[in-house]
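FYI, full-length UniProt numbering numbers position 59 of the sequence shown as 59, with every residue one higher than the one before it. In this text, a Cβ means the ideal position worked out from N, Cα and C, and glycines have one as well. Here the structure is laid out as structure tokens; the discussion comes afterwards.
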Amino acid sequence: MAQVIPFAIPMENDKTLLVWELSCGPTAEALHHSLFIVFSQFGLLYSVRVFPNAAVAGPGFYAIIKFYSARDAQKAQKACNQKQLFQNSPVKGIKKRKASQPSCPTTDEWLSKPILDGA
Numbered sequence: 001m002a003q004v005i006p007f008a009i010p011m012e013n014d015k016t017l018l019v020w021e022l023s024c025g026p027t028a029e030a031l032h033h034s035l036f037i038v039f040s041q042f043g044l045l046y047s048v049r050v051f052p053n054a055a056v057a058g059p060g061f062y063a064i065i066k067f068y069s070a071r072d073a074q075k076a077q078k079a080c081n082q083k084q085l086f087q088n089s090p091v092k093g094i095k096k097r098k099a100s101q102p103s104c105p106t107t108d109e110w111l112s113k114p115i116l117d118g119a
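Structure below.
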């Protein structure tokens, strides 16, 4: 079944994967390229961002990967979690869940509200 995907900035957390325990051997740029190759097989990617671990976490990297589609993010999470993708040890990834709290209003929502005059 075909899926219609809006090309808008993905704001929902169910379209985002957090991948950690990426090895410290390659550079951040090389990891970015490898992650893009692996995860783009599951669907259209909005962004791939690679960050160094905090000093207390030890050497290595983690990545935040955003898909346009929640279904593609879920497929990628199921297929790649605890798998040896492009490094010697398995990576860990977990899909972020939708928050139960309401999100911040968008600019359009703010602009559509009437302005109250305090005078």
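Annotation for Ser23: no beta strand (DSSP E) segment contains it, and DSSP assigns it neither H nor E.
Between the beta-carbon of Lys75 and that of Tyr46 there is about 15 Å, and that puts the pair past the 8 Å contact cut. Contact check for Phe61 against Leu17 fails: the beta carbons are separated by 9 Å or more. Assigned with DSSP and collapsed to three states, Ala73 falls in helix. Distance from the Cα of Asp14 is smallest, within the candidate group Ser89, Asn81, Gln87, Arg71, for Arg71.
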